[in-house]
Each structure stands twice: as C-alpha cells, then as structure tokens.
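To start, the structure under review is shown below, and the notes come after it.
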Amino acid sequence: MTDIILPPNSNIYTTFQQLASQQRMVFLAGLPGTGKSLLIQQLAVMAQQAGRTVHLLQWDVTRAAFETAVTLQKYPEIDGVTHPAIRKAVGLWARTAVHNWHQTYGPSHLLIGEVPLIGNRLTELTQPLDDAAEPLLNNPACCFVIPTPSKAVRQVIEDSRARSIANPQHEKEARDAQPNVLQLLWEEVAAIGMQLQLIQKSDFSEKSDFFAYDPAVYTAVYQHLLQHRHHQTLRIDTVLTPNGSAYALRINGTELAATPTEVTQTMQQIETEFSRDGLETSVANWYRL
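Residue numbers (our numbering): 3 to 291.
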C-alpha cells in the first residue's frame, strides 16, 4: 500500500485522521493544481489503515462515462472544454449516485470525492435541491474540504505538474491541465470573486496582482460556493513530495461511474428539463447560488 507522507505533526495529518475515521463522505473541492490528487491518495490510505472501505467519486472518471461516441456526436467538446449538457448531466447523475451509494453501503464505508466546481463541474453536489440526496449532502457527516496551498506551495505544485506532464509516471499525469490552463482557471476564480463582490479591485495593489494566485481570494470564492454545505479550509503550507505518482492509489471499495443506461436516462432528463438556451444559461451561471 502507498506510504503516508504527511508529517505527523502537521495540520493536514490531524485533520485527515478525523476525516478518515469519523466522516461518511469527504469531498475535496478546488481547482486543478492545488494538490487534490495527492491529498485524496493520502486520505484514502489513512482511511483504509483505519479499517474503512474507501469508495471514490472523481470528476474525470464520471465525465468519461458520459463521453460516449453517441453523446459526443451530439454534444461535442468546444475548444477542448466539456459540453455544457454533459457537465450538467454528470452533476445531476452524481446526486443520485451518492444517494444510491449511501443506501448500498454501511457506516464502515467512506466516500471520497473530488469536485472541481469551476465551470459547473459537479457543482450540483453543492446546491440545495429537493431530492433524496440533499439530507445526506447537508449532513455534518458529509464534509467538503478546500485545500488551499500557500503561494510558495502552489508554485511548487505548478512546477512539478509541468515536469510530470513532460515525463509522466502515470497515465493520468499526461492528461493533467497545462500550467497555462491553471492560470486561466485562477483568473476565472478571481473574476467571479469580483462579480460576487467577495473582493474589490482595490484589493489588488497593481493590475498584475489580479493574475497572481492569492490564497485569500481563492478561499473566499470557494467558501461562497460551499455556503450550503459543511465545509472547512485546509491550509497547505508544507510541500508534500509523493513516493511515485500522486495518482497511484489502490482502494478496497468501488469507483462510482455511470452505467450506459444511467448515461442515456440522464441525458434524456437534460433534454426534457432544459431548452438549449436555458441549459447554457444555467451552466454559465453555475456560481450564482
């Protein structure tokens, strides 16, 4: 099994000990390039060492299940970005999947999720909707965690990502978002912060500051997105160096993904409930809760 690399005296280790042993569901929320994959690996290992059976729900895996030849022909990628219909469908399916998982597995089982949220990627898990999943997602036993690296740690993560993309140790590393994409996503977060008046232009001493990652701004935006969920911010002040790939992870449970029938049913639901313009508007306003 993968080694634990978290310093035993760190805030991350202490937090993960509690989450691994006591929570029913833990979702790590945040942008690519904030260390989520390594943290998911470490949390899963700690949970299995504590006797839990670990299950995963991850954006890339759930999205891939929906990207069939038939679906992509109708809803193709746009400039490399997943079509709004698929993004919305994955989120709606995920709520049902979480409820079904809870009904299937007992309290010794733990669901660990990876939810980017940005651009309507599993955002539905954070929205207060009237369905069977809501009491589970709004329960204290379900915790959303916002890993927030310092500026220095974020830079190390970005540099490491550039190296791993160029020389991948795992197939997923080759598909990681490039550093320029990480920058664009950060700028989108900062722009959302200003639109929602969580931050002001005066908060940036120079125009160039807007383009530089800021942990305080990042946290403010993600706390807003998680206002309807039990959540906590996890400061990452220490550079964590994995033994091998951050994606190297064996779990003793399942990885949640839609079946072909579920994909068909969910896409039909999208087409029934949303007009084309209505869907695009809903996805574009994903952060307006």
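Just so it is clear, CB atoms sit at the ideal spot from N, CA and C, and this is done for glycine as well.
Worksheet item: Three-state secondary structure (DSSP) at L94?
Response: helix
Discussion item. Restricting to Cα atoms, I'd like to know which of T268, D5, N13, Q105 is closest to T240.
Written reply: N13
Discussion item. Looking only at its chain, what residues have a beta carbon closer than 6 Å to the beta carbon of A260, apart from the 5 residues adjacent to it on each side?
Written reply: A67, W95
Item to complete: Flag this pair as yes or no: are the beta carbons of V147 and A218 separated by less than 8 Å?
Response: no
Worksheet entry | Cα-Cα separation between V92 and M269, rounded to whole angstroms | 9 Å
Discussion item. Which runs of the beta strand (DSSP E) at least 3 residues long sit entirely within the segment 18 to 71? Give them in chain order.
Written reply: 27 to 31, 55 to 60
Worksheet entry | Close-in-space but distant-in-sequence residues of the same chain around V285 (CB under 7 Å, 5 per side omitted) | P86, R89, K90, N122
Practice prompt. Report back the beta-carbon spacing between T64 and V265 to the nearest angstrom; my notes put them in contact at under 8 Å.
Written response: Contact flag wrong, Cβ pair sits at about 10 Å.
Discussion item. With three or more beta-carbon pairs closer than 8 Å as the criterion, would you say the segment 113 to 127 touches the segment 46 to 61?
Written reply: yes
Worksheet item: If you check the beta carbons only, do A222 and L200 fall under 8 Å apart?
Response: yes
Worksheet item: What does DSSP give as the partner residues of I194 in its beta bridges?
Response: Note: I194 sits in no beta bridge, so no partner.
Worksheet item: Does the count of Cβ pairs from the segment 11 to 26 and the segment 41 to 58 closer than 8 Å reach three?
Response: yes
Worksheet entry | Buried or exposed (CB count within 10 angstroms, at least 16 for buried), A193 | exposed
Worksheet item: Does the beta-carbon distance from I7 to P149 come in below 8 Å?
Response: no
Worksheet entry | Secondary structure of T266, DSSP reduced to three states | helix
Practice prompt. Going by CA-CA distance only, name the one from H104, D216, A99, S110 that's closest to V155.
Written response: D216
Fill in: Spatial neighbours of H226 in its chain, beta-carbon cut-off 7 Å, leaving aside the 5 residues before and after
L198, L200
Worksheet item: Taking Cβ to Cβ, would you say A135 is nearer than 8 Å to T106?
Response: no
Worksheet item: Taking buried to mean at least 16 other C-beta atoms within 10 Å of its own C-beta, is Q43 buried or exposed?
Response: buried
Item to complete: Report the three-state DSSP secondary structure of H85 (helix, strand or coil).
Response: coil
Practice prompt. Find out if the Cβ-Cβ distance for the pair I120, G37 is shorter than 8 Å.
Written response: no
Item to complete: State the Cα-Cα distance for the pair H232 and P151, rounded to the nearest angstrom.
Response: 20 Å
Discussion item. Let me confirm a value: E275 is counted as buried when at least 16 other C-beta atoms fall within 10 Å, else exposed. Which label applies?
Written reply: exposed
Discussion item. Am I right that V28 and L45 are in contact with their C-beta atoms under 8 Å? What's the rounded C-beta distance?
Written reply: 7 Å
Fill in: Closest residue to N287 among R26, E126, D81 (Cα-Cα distance)
E126
Discussion item. Please state the DSSP three-state secondary structure of R237.
Written reply: strand
Worksheet item: Which two residues bound the contiguous alpha helix (DSSP H) that contains L282?
Response: For clarity, residue 282 is Glu in the given sequence; the question names Leu instead. From DSSP, the alpha helix (DSSP H) with E282 extends over 278 to 286.
Fill in: Under 8 Å between C-beta atoms of H230 and L138
no
Discussion item. Short of 7 Å in beta carbon distance, which residues of its chain neighbour S39, apart from the five on each side in sequence? Order them along the chain.
Written reply: A248, Y249
Discussion item. So Q234 and C144 are supposed to be a Cβ contact under 8 Å. How far apart are they, rounded?
Written reply: In fact, because the Cβ distance is near 12 Å, the residues do not count as touching under 8 Å.
Discussion item. Can you check which of these residues, H101, P142, N140, is closest to L258 by C-alpha distance?
Written reply: H101
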